[in-house]
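Undergrad: Shown below is the structure under consideration.
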Amino acid sequence: MNKCFAVYLRELLIFRRKEIRQILSMSVSPVLYYVAFGIGLGKGLEVGGKPYIEFLIPGLVAMSSMVYSFGIATEINVARFYWKIFEEFQSSPVSNVSYVAGEVLAGMTRALLAVFIILAVGLLSGVKLYFGIQFWIAVILNSFLFASLAVGLAMLVKSHADQSLLSSFVITPMSFLGGTVFPVENMPLFVQKVLYILPLTHASHAIRGASHGETVGYQPFAVLAVLGLLCFIMAVRVVVKARD
Amino acid sequence: MINIENLQKKYPRVQALKGISLEVGKGELFAYLGPNGSGKTTTIRILTGLTKSTSGSAKLNGFSIEDNVLECKNQFGLVTQAVNLDQELSIRQNLDIHGRLHGMSRKDRDAAIKEVLDYVELADRIDSRVMELSGGMKRRVMIARAMMHSPRILFLDEPTAGLDPVIRRKIWSLIKKIQQKGTTVFLTTHYIEEAEFLADRVAFLQEGEIVSVNTPQHFIDEMGVWALDIMAHGELVTKYFRDMQSLDAFINGRELCCTKRRVNLEDAFIARTGLKIAENGGLNGSAAGASPHGGAHGPHGGGGAHSAQSAHDSSKHSSNKHGSAH
Ligand SMILES: Nc1ncnc2c1ncn2[C@@H]1O[C@H](COP(=O)(O)OP(=O)(O)O)[C@@H](O)[C@H]1O
Ligand SMILES: [Mg+2]
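In order, the protein sequences belong to chains A and B. Numbering follows numbering that gives the first Met the number 0, in which position 75 of the first sequence is assigned residue number 74; successive positions increment by one, without gaps. Numbering follows numbering that gives the first Met the number 0, in which position 116 of the second sequence is assigned residue number 115; successive positions increment by one, without gaps.
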């Protein structure tokens, strides 16, 4: 446990070196989305009887918790291919589980920070939303899932370029299509079916439902938890693949 | 302390190790000497769990690197060839994380950080960020970090590559100090004089194979005591002698373009591996004095080439530059 914390602590220390920069850059996109979609496009728009902005903010929470927890892959790649720090972990008596858990926790921490920033933007704009236990469980499961996926993929890629490719072809499309900025229900039925394969769609629904004060059924939580666990196990198993 | 049996490593294009077997005893300072690309780093990476071997086995302090991975990793400290410190963090933070990764308590970590930094004479830079340090300092931080958890074995992969001679001496004395504490040191180098100065035993490595293992003194004695570097027909030829009389007898009053010197490990290395070394261009040229025929050539008058050549056959301990002195 101590060793898992060492991995986590290192990521935190690195993050803190560029704290201000990171937080500023984390704030840019939610503010832009808010201005572009919330005010610019969405003024007077309603989704399900609520102002569009109340639809958008939980979507942005889902999107950001995915994007920023997945972002831990970039940190791992920089440490692995550029600074060679991964060698320091690999030559230390740290089990693969501890290593993965430390990195996943770091990814989740980044995601939570990004979520706080969005909520701050939302609060400043006077949106009324609820942040109960279901909301936070959904956010945490979503971050866990994508941080685990990120760590696993970071172990498998052979270069940082491969990693960016994965981000542009998997994460970026999902961040728009997963029920974040438009309701999946507006799509034709077969497209809906496809979109429900995306874990982010489930996360968006759970997060949005909870923040609208509804009681969300167990299904989206179960989907996120099971996929998250599978990704975590996959990540632990592929750490050895990072040895050439 | 280190037992290696028939270790092989095949990469898609090259076979980096072609069956290495070695034993390194407790407290020994063992040098693994070979030109660039001979497989030094690959060997260390396999022993430290950074790379998987293709076949063969190895044990560190009795623990198998395959079956007892975590236990093995408690046995050694590693200083890699490339700097792998967190440049953005301070020395203290780098060391503290290392201590945590080795399961040390806070108290132990604080005490060890102080001790190892005193040891490498960087205590006053404890809160400097690594990126602000010079190359030699970074190397010392890496050694401090590797020693922090008091490992039984220290692996050093080319610890002085690219450092200037003064800093290099400093690192040498540090390595000697570490050995005197009872630590087994396994060091790779392509600097022959580094191996000669530091090592109890040396392995000559060439293209993934160990050519020979022995003490530096044994290798030197085998060659002789005195060496004579002679320019003959535009080529440098070195001859070896047991004593000064036979050397003088060889010169026999002729005026040769030559230099007299004591035999060193480089002579033995070239004799043992000479042919192949000559083919692939010798040891890394950036090494001061590490080129196969490095060292000053005698500034004596020319005209001796012919006699050097003719004297070749009569010399008792002669050895041409392709080496046959064994
Ligand atoms: N990751 C790798 N992939 C493919 N070939 C490699 C890799 N690492 C080393 N090699 C090859 O293995 C051989 C030995 O390399 P190395 O152990 O680094 O040599 P040294 O440390 O003695 O300079 C070289 O031919 C090198 O090109
Ligand atoms: Mg090397």
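Built from N, CA and C at the ideal position, the CB exists for glycine as well. This structure is a prediction, so every number in the text was calculated from the model and none was measured.
Going along the chain, which residues of its own chain have a beta-carbon closer than 6 Å to the beta-carbon of E193/B, five neighbours each way excluded?
TA: Counted from its first residue, the second sequence places residue 193/B at position 194. Answer for E193/B: no residue qualifies.
Undergrad: Would you call F154/B buried or exposed, if buried means 16 or more other Cβ atoms sit within 10 Å of its Cβ?
TA: Here residue 154/B is taken as the residue at index 155 of the second sequence, counted from 1. That one is buried.
Undergrad: Distance check for S158/A and Q332/B, CA to CA, integer angstroms please.
TA: In this structure chain B extends from 0 to 325, so residue 332/B is not present and cannot be described.
Undergrad: Helix or strand or just coil, what does DSSP make of G293/B?
TA: Counting from 1 along the second sequence, the entry for residue 293/B is found at position 294. Interpretation of G293/B is limited by its pLDDT of 35, a score under 50 that renders its predicted location unreliable; no figure is taken from the coordinates.
Undergrad: Classify F130/A as helix, strand or coil using the three-state DSSP reduction.
TA: Counting from 1 along the first sequence, the entry for residue 130/A is found at position 131. Correct three-state label for F130/A: coil.
Undergrad: In whole angstroms, give me the CA-to-CA distance for V212/B and A202/B.
TA: In the second sequence, the residue the question calls residue 212/B occupies position 213. In the second sequence, the residue the question calls residue 202/B occupies position 203. Each residue's Cα considered, the two are about 4 Å apart.
Undergrad: Could you run through the stretch 40-51 of chain B and flag, in chain order, every residue whose CB is less than 7 Å away from some CB of chain A?
TA: So the list reads T47, G48, L49, T50 and K51, given in the order they occur along the chain.
Undergrad: Starting from A57/B and walking both ways along the beta strand (DSSP E), at which residues does that stretch end?
TA: Position 58 of the second sequence holds residue 57/B. Run containing A57/B: S54 to L59, per the beta strand (DSSP E) assignment.
Undergrad: Pick from L165/A, P57/A, G177/A and V193/A: whose alpha carbon is nearest that of N76/A?
TA: Taking the first residue of the first sequence as 1, we reach residue 76/A at position 77. Out of L165/A, P57/A, G177/A and V193/A, L165/A has the C-alpha closest to the C-alpha of N76/A.
Undergrad: Would you report the Cα separation of S174/A and L199/A, rounded to the nearest angstrom?
TA: To locate residue 174/A, count along the first sequence from 1; it is residue 175. To locate residue 199/A, count along the first sequence from 1; it is residue 200. Taking the straight line from one Cα to the other gives about 7 Å.
Undergrad: Look at the alpha carbon of N279/B and the alpha carbon of L16/B, and state the distance between them as a whole number of angstroms.
TA: Working through the second sequence from its first residue, we reach residue 279/B at position 280. Working through the second sequence from its first residue, we reach residue 16/B at position 17. In this prediction, N279/B scores a pLDDT of 38, lower than 50, which makes its location untrustworthy; no coordinate-derived value is stated.
Undergrad: Considering only their Cβ atoms, is the gap separating L84/B from V119/B smaller than 8 Å?
TA: By 1-based counting over the second sequence, the position of residue 119/B is 120. By 1-based counting over the second sequence, the position of residue 84/B is 85. No, these two residues do not count as a Cβ contact at 8 Å.
Undergrad: I want to verify the contact list: residues of chain B whose CB lies under 7 Å from the CB of A5/A, in sequence order.
TA: Translated into positions along the first sequence, residue 5/A becomes position 6. What A5/A touches in chain B: I96, R99 and L100.
Undergrad: Could you check if I239/A is buried or exposed, using at least 16 other CB atoms within 10 Å of its CB as the buried criterion?
TA: Residue numbering aside, residue 239/A sits at position 240 when the first sequence is read from its first letter. The question names Ile, but residue 239/A is Val in the sequence shown. That one is exposed.
Undergrad: At a cut-off of 7 Å, is D117/B close to ligand 2 when judged by its beta-carbon and the heavy atoms of the ligand?
TA: Your numbering for residue 117/B matches position 118 in the second sequence. D117/B: no, Cβ never under 7 Å from ligand 2.
Undergrad: Residues of chain A with a CB under 7 Å from the CB of A81/B: which are they?
TA: For this step, residue 81/B is matched to residue 82 along the second sequence. K83, listed in chain order.
Undergrad: Run the CB neighbour count on G178/A, radius 10 Å, all protein chains shown included, and call it buried at 16 or more, exposed below.
TA: On the first sequence, residue 178/A is found 179 positions in, with the first residue counted as 1. With 16 or more Cβ atoms within 10 Å of its Cβ, G178/A is classed as buried.
Undergrad: When you compare the CB of Q21/A with every CB in chain B, is at least one pair closer than 8 Å?
TA: Numbered from its first residue, the first sequence carries residue 21/A at position 22. Closer than 8 Å: no.
Undergrad: Note down, in chain order, each residue of its chain lying with its Cβ closer than 6 Å to the Cβ of P219/A, except the 5 sequence neighbours on either side.
TA: Stepping through the first sequence from its first residue, residue 219/A is reached at position 220. Cβ neighbours of P219/A beyond the five flanking positions: H201, H204 and A205.
Undergrad: Using the Cα positions of S245/B and Y239/B, report the straight-line distance between them to the nearest angstrom.
TA: For the purposes of this step, residue 245/B is taken as the residue at position 246 of the second sequence. For the purposes of this step, residue 239/B is taken as the residue at position 240 of the second sequence. If you take the alpha carbons of S245/B and Y239/B, they lie about 9 Å apart.
Undergrad: How long is the line joining the alpha carbons of A198/B and I219/B, rounded to whole angstroms?
TA: As a position in the second sequence, residue 198/B is number 199, starting the count at 1. As a position in the second sequence, residue 219/B is number 220, starting the count at 1. One C-alpha to the other measures close to 13 Å.
Undergrad: I'd like to check one pair, G125/A with I56/A: are the Cβ atoms closer than 8 Å?
TA: Residue mapping note: residue 56/A aligns to position 57 of the first sequence, counting from 1. Residue mapping note: residue 125/A aligns to position 126 of the first sequence, counting from 1. In this structure, G125/A does not lie closer than 8 Å to I56/A by Cβ.
Undergrad: Count the other CB atoms, across all protein chains shown, that sit within 10 Å of the CB of F131/A; report buried if there are 16 or more and exposed otherwise.
TA: As a working mapping, residue 131/A is identified with position 132 in the first sequence. It is Gly, not Phe, that sits at residue 131/A in the sequence shown. Its Cβ having fewer than 16 others within 10 Å, G131/A is exposed.
Undergrad: State yes or no: is the beta carbon of K176/B nearer than 8 Å to at least one beta carbon in chain A?
TA: In the second sequence, residue 176/B corresponds to position 177, counting from 1. No, because no Cβ of chain A sits closer than 8 Å to the Cβ of K176/B.
Undergrad: Would you say D107/B reaches chain A, if we count a Cβ-Cβ gap shorter than 8 Å as a contact?
TA: Within the second sequence, the letter at position 108 stands for residue 107/B. By this cut-off, D107/B is not an interface position.
Undergrad: Is I159/B near ligand 1, judged by its Cβ being under 7 Å from some heavy atom?
TA: Mapped onto the second sequence, residue 159/B falls at position 160. Before going on, a small fix: residue 159/B reads as Thr here, not Ile. No, the Cβ of T159/B stays beyond 7 Å of every heavy atom of ligand 1.
Undergrad: Note down, in chain order, every chain A residue with its Cβ under 7 Å from the Cβ of E87/B.
TA: Locating residue 87/B in the second sequence gives position 88, counting from the first residue. Per Cβ cutoff of 7 Å: I13 and R16.
Undergrad: Looking at V60/A and V169/A, is the spacing between their C-beta atoms short of 8 Å?
TA: Walking along the first sequence from the start, residue 169/A turns up at place 170. Walking along the first sequence from the start, residue 60/A turns up at place 61. Contact: no.
Undergrad: Is it true that the CB of T47/B sits closer than 8 Å to the CB of F29/B?
TA: Locating residue 29/B in the second sequence gives position 30, where the first residue counts as 1. Locating residue 47/B in the second sequence gives position 48, where the first residue counts as 1. Not closer than 8 Å, so no.
Undergrad: Just checking: is the beta-carbon of M154/A within a distance shorter than 8 Å of some beta-carbon in chain B?
TA: Residue mapping note: residue 154/A aligns to position 155 of the first sequence, counting from 1. Judged by the 8 Å Cβ criterion, M154/A is not in contact with chain B.
Undergrad: Looking at the C-beta of N76/A, does it have a partner C-beta in chain B at a distance below 8 Å?
TA: Residue mapping note: residue 76/A aligns to position 77 of the first sequence, counting from 1. No, no contact with chain B.
Undergrad: What is the C-beta distance between V150/A and A234/A, in whole angstroms, given that I count them as a contact (C-beta under 8 Å)?
TA: Position 151 of the first sequence, counting from 1, holds the residue named residue 150/A. Position 235 of the first sequence, counting from 1, holds the residue named residue 234/A. Correct: roughly 4 Å between the Cβ atoms.
Undergrad: Look at the Cβ atom of F268/B, then the Cβ atom of I209/B, and state whether they are nearer than 8 Å.
TA: In the second sequence, counting from the first residue as 1, residue 268/B sits at position 269. In the second sequence, counting from the first residue as 1, residue 209/B sits at position 210. Not a contact, by the Cβ cut-off of 8 Å.
Undergrad: Whose CB is closer than 6 Å to a heavy atom of ligand 1? List the residues in chain order.
TA: Every residue passing the under-6 Å Cβ criterion appears here: D243/A, Y10/B, V13/B, A15/B, G33/B, N35/B, G36/B, S37/B, G38/B, K39/B, T40/B and T41/B.
Undergrad: Enumerate in chain order the residues of its own chain whose CB-to-CB distance from F134/A is below 7 Å, with the five nearest sequence positions on each side excluded.
TA: Here the question's residue 134/A lines up with position 135 in the first sequence. Excluding sequence neighbours, F134/A sits near I206, A209 and S210.
Undergrad: If we count the other Cβ atoms within 10 Å of its Cβ and call it buried at 16 or more, is A160/B buried or exposed?
TA: In the second sequence, counting from the first residue as 1, residue 160/B sits at position 161. Its Cβ being crowded by 16 or more others within 10 Å, A160/B is buried.
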